[in-house]
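Asks:
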Amino acid sequence: MNKNRSSLIIMRDTVHALMMREIKTRFGANRLGYFWALMEPIATVAVLGLIFTLVGRHSLANIPVAVFLFVALLPFKLFTNLLNHLSSAVEANKALMAYRQVSAIDPIVTRVIIELSIYLIVYCIIFSFLAWLGFDVVPDDFLKVLAASALLALMAIGFGLMLCSAMSYWGDAKKMVGIITRPLLFISGIMYSATMIPTTYWYLFDWNPIFHVMELSRDAYFSTYVTPVGSWLYLGICALVSFSLGLTTFYVNRLRFITT
Amino acid sequence: MIHFEHLDKYYKTKKGRHYVFKDVNISLPTDRNIAILGPNGVGKSTLIRLMGGADMPSRGRIHSQKNISWPLGLQGGLQGSMSARENVRFVARIHGYNNTKAIEQQVEEFAEIGRFFDEPVKNYSSGMRARITFGLTMGFDFDFDVLLIDELGAVGDANFRKKSEKLLLDKYEKTKLIMVNHSIRGLKKYCDAGVLIHEQNLIFFDSLGEAIKKYRDIYVK
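Chains A and B are the protein sequences, given in the same order. Here this note's numbering is used: the first sequence runs in plain steps of one and ends on residue 1507. Here this note's numbering is used: the second sequence runs in plain steps of one and ends on residue 225.
1) Output yes if chain B places a C-beta closer than 8 Å to the C-beta of T1300 of chain A; else output no.
2) Can you tell me the Cα-Cα spacing of V150 of chain B and P61 of chain B, whole angstroms?
3) E155 of chain B by DSSP, collapsed to three states: which one?
4) Nearest chain B C-beta to I1505 of chain A closer than 8 Å, yes or no?
5) Looking at L1502 of chain A: is its Cβ nearer than 8 Å to the Cβ of A1403 of chain A?
6) Applying a beta-carbon distance threshold of less than 8 Å, which residues of chain A neighbour R11 of chain B?
7) Show which residues of chain A have a CB atom less than 7 Å away from the CB atom of I98 of chain B.
8) How would you label E112 of chain B, buried or exposed, when you count the other beta carbons within 10 angstroms and need 16 or more for buried?
9) Select from the segment 57-74 of chain B all residues with a C-beta closer than 8 Å to any C-beta belonging to chain A, and list them in chain order.
10) Roughly how many angstroms lie between the CA atoms of G198 of chain B and G139 of chain B, to the nearest whole one?
11) My output table needs one value for P1288 of chain A: the three-state DSSP class, helix, strand or coil.
12) Are there 16 or more other CB atoms within 10 angstroms of the CB of E1462 of chain A, so buried, or fewer, so exposed?
13) Establish whether the CB of M1414 of chain A and some CB of chain B are separated by less than 8 Å.
14) Pick out the complete beta strand (DSSP E) segments inside the segment 47-119 of chain B, 3 residues or longer, and give them in chain order.
15) Buried or exposed: which applies to M5 of chain B, given that a residue is buried once 16 or more other Cβ atoms fall within 10 Å of its Cβ?
16) What residues of chain A sit near E90 of chain B, judged by a beta carbon separation below 8 Å?
17) Starting from I201 of chain B, trace the beta strand (DSSP E) in both directions and tell me its first and last residue.
18) Unbroken alpha helix (DSSP H) runs of length 4 or more, entirely within the segment 1256-1335 of chain A: which are they?
19) What span of residues does the beta strand (DSSP E) with D12 of chain B cover, start to end?
20) List the endpoints of the continuous alpha helix (DSSP H) containing G1425 of chain A.
21) Could you tell me which uninterrupted alpha helix (DSSP H) segments, each at least 4 residues in length, are contained entirely in the segment 1439-1466 of chain A, listed from first to last along the chain?
22) Does the beta-carbon of Y1450 of chain A have 16 or more other beta-carbons within 10 angstroms, so that it is buried, or is it exposed?
23) Measuring straight from C-alpha to C-alpha, what distance separates K1324 of chain A and S73 of chain B?
24) Which of helix, strand or coil does DSSP assign to A39 of chain B?
25) Below 9 Å on C-beta distance, what does L1255 of chain A contact in chain B?
26) Out of B:E9, B:R89, B:L82, which one is the CA nearest neighbour of A1345 of chain A?
27) In the DSSP assignment, find the unbroken beta strand (DSSP E) run with V303 of chain B in it and report its ends.
28) Using a Cβ cut-off of 7 Å, pull out every chain B residue sitting near R1252 of chain A, in sequence order please.
29) Give the interface partners of M86 of chain B over in chain A, defined as CB-CB distance under 7 Å, in chain order.
30) Please check if any C-beta of chain A sits within less than 8 Å of the C-beta of R93 of chain B.
31) Could you spell out the range, first to last residue, of the beta strand (DSSP E) harbouring L3 of chain B?
32) Grab me the residues of I30 of chain B's own chain with a C-beta within less than 7 Å of its C-beta, minus the 5 sequence neighbours each way, in chain order.
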């Protein structure tokens, strides 16, 4: 063993060790989790798609239903997964904090890497599959699609860190995740876009930064869709504020995670 | 040496702060085997955990140039949802080993718990946990200067005690111990110096006999 490892190398080794452990629990001992990571969004889109087809819609805002839904649903899944897994990251690895090499931020870093990797891989697989089915899936502006997801991830990490700190004071804070994310599924513009809402009601939706993520993603993805409300500035500010608040609360509480 | 500087440690209770240590300034030698003495609840395990980096001081700091182990004890250190093998792998990896096969094998042989080695640790008896915890120090040569041991021997059977005793004596030359043990006989076997926890402070004694005498004077009535 190398006795003189720098702090950065120790962190790399620790994150690697945590990653090996986390992947096992994330996907289950029998590896069925890999299947569900893929099937869950597909099943959701299948059900929603079926409903739309039954009421006679084959396209939404001139975009095929499946593509329209996936472009928004996958980022939404990223958001809820990050929130869920980050808020319990420290709690789930508590016993391992007994080793001085493991600090509170390590399980967070590990889970962020895992969730982002799952997101990118699932995204690629699903859209390759759609392409194979004959849909036009090449994004109009790839970088903007990526930017919207990146800002969403930053925002989710911020919220996750805050929840993680909150949980060290109040264990039931975890229940907030469900309470927050369930209504978000309906008000974040996953099954509809701003152009389908009367202008007078936009104010009901445009405070929600996730709604902006969906709008901007669709705007970037489809050349035919131009968002009337999506604002990079608003989303950027929300992401930065959430991320820095999250980091601050986490830093202030970092010793609590080890001592209690 | 392990240096304590203005160390405070308190726990929050319903009736305010409960101080375990208050303004401790002391340097403990790392070339001696030290027994930690004190009655239940006075802070022996807390002291071990503080030195092992598993707990943080409320104020002040502890520092040392020496390579000090994590606290080897029954609580903490092993993640209940992981099997012993996964725990061993984890500890090996955070210490910078990339190839963990040999270490797993050594711990498995030392622990002698059979197929439970691949069962979640939460299903273990305390004796089995002790075997894994001890086996971990055996499994790879960490080159620790100081091993922190918190009442590990207390739960083992005769066979395990013999094995762990041999392990400690093998490493005796290079690795020193700081240990908590409620049996005076057990302490006498390994230790030659003592630290007494008294009035939220630490008192170091050069000879174990003296420490035990003082302990009896203060606490045993």
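C-beta atoms are modelled at their ideal positions from N, C-alpha and C, and glycine is treated no differently. If you're wondering where the values come from, they're calculated on a predicted model, not measured in any experiment.
Replies: Here's the rundown:
1) Looking up residue 1300 of chain A in the first sequence gives position 53. Not one chain B Cβ lies under 8 Å of T1300 of chain A.
2) Mapped onto the second sequence, residue 150 of chain B falls at position 146. Mapped onto the second sequence, residue 61 of chain B falls at position 57. Straight-line Cα distance between these residues: approximately 20 Å.
3) Counted from its first residue, the second sequence places residue 155 of chain B at position 151. In the displayed model, E155 of chain B falls within coil according to three-state DSSP, outside both helix and strand.
4) Translated into the one-based positions of the first sequence, residue 1505 of chain A becomes position 258. Yes - at least one Cβ of chain B is within 8 Å of the one on I1505 of chain A.
5) In the first sequence, counting from the first residue as 1, residue 1502 of chain A sits at position 255. In the first sequence, counting from the first residue as 1, residue 1403 of chain A sits at position 156. Their beta carbons are not under 8 Å apart, which means L1502 of chain A does not touch A1403 of chain A by this criterion.
6) For this step, residue 11 of chain B is matched to residue 7 along the second sequence. Looking at the sequence shown, residue 11 of chain B is not Arg but Leu. By Cβ distance, chain A contributes nothing, its closest Cβ being about 14 Å from L11 of chain B, past 8 Å.
7) Translated into the one-based positions of the second sequence, residue 98 of chain B becomes position 94. D1260, T1261, A1264, Y1346, Q1348, V1349, listed in chain order.
8) Numbered from its first residue, the second sequence carries residue 112 of chain B at position 108. Buried: at least 16 other Cβ atoms inside 10 Å.
9) G57, A58, D59, M60, N71, W74
10) As a position in the second sequence, residue 198 of chain B is number 194, starting the count at 1. As a position in the second sequence, residue 139 of chain B is number 135, starting the count at 1. Taking the straight line joining both Cα atoms gives about 26 Å.
11) Indexing the first sequence from 1 puts residue 1288 of chain A at position 41. Correct three-state label for P1288 of chain A: helix.
12) Locating residue 1462 of chain A in the first sequence gives position 215, where the first residue counts as 1. Result: buried.
13) As a working note, residue 1414 of chain A is residue 167 in the first sequence. It does not: the Cβ of M1414 of chain A has no partner Cβ on chain B nearer than 8 Å.
14) 63-68, 72-77
15) Position 1 of the second sequence, counting from 1, holds the residue named residue 5 of chain B. Label assigned to M5 of chain B: exposed.
16) Against the second sequence, residue 90 of chain B aligns to sequence position 86. Chain A residues near E90 of chain B: R1268, K1271.
17) One-based indexing of the second sequence puts residue 201 of chain B at position 197. Element bounds for I201 of chain B: 197-202.
18) 1279-1301, 1312-1334
19) Start at 1 with the first residue of the second sequence, and residue 12 of chain B comes out as number 8. Looking at the DSSP string, the run of the beta strand (DSSP E) that includes D12 of chain B is 6-17.
20) Position 178 of the first sequence, counted from the first residue, corresponds to residue 1425 of chain A. 1420-1434 is the span of the alpha helix (DSSP H), which, as asked, contains G1425 of chain A.
21) none
22) For the purposes of this step, residue 1450 of chain A is taken as residue 203 along the first sequence, with counting starting at 1. Burial call: exposed.
23) Along the first sequence, one-based indexing puts residue 1324 of chain A at 77. Along the second sequence, one-based indexing puts residue 73 of chain B at 69. Approximately 42 Å between the Cα atoms of the pair.
24) As a working mapping, residue 39 of chain B is identified with position 35 in the second sequence. The answer is strand: DSSP assigns A39 of chain B an E or B state.
25) Locating residue 1255 of chain A in the first sequence gives position 8, counting from the first residue. In chain order: nothing, as chain B lies at least about 12 Å away.
26) For this step, residue 1345 of chain A is matched to residue 98 along the first sequence. Of the listed residues, the one whose Cα sits closest to A1345 of chain A is B:L82.
27) Residue 303 of chain B lies beyond the range of chain B shown here (5 to 225); nothing can be said about it.
28) For this step, residue 1252 of chain A is matched to residue 5 along the first sequence. Correct list: G100.
29) Your numbering for residue 86 of chain B matches position 82 in the second sequence. Chain order gives the chain A residues near M86 of chain B as R1268, where near means a beta carbon separation below 7 Å.
30) Along the second sequence, read from residue 1 onward, the residue named residue 93 of chain B stands at position 89. Output row for R93 of chain B: interface = yes.
31) No statement about residue 3 of chain B is possible, as the shown extent of chain B runs from 5 to 225 and does not include it.
32) Start at 1 with the first residue of the second sequence, and residue 30 of chain B comes out as number 26. The answer, listed in chain order, is F8, L206, F208.
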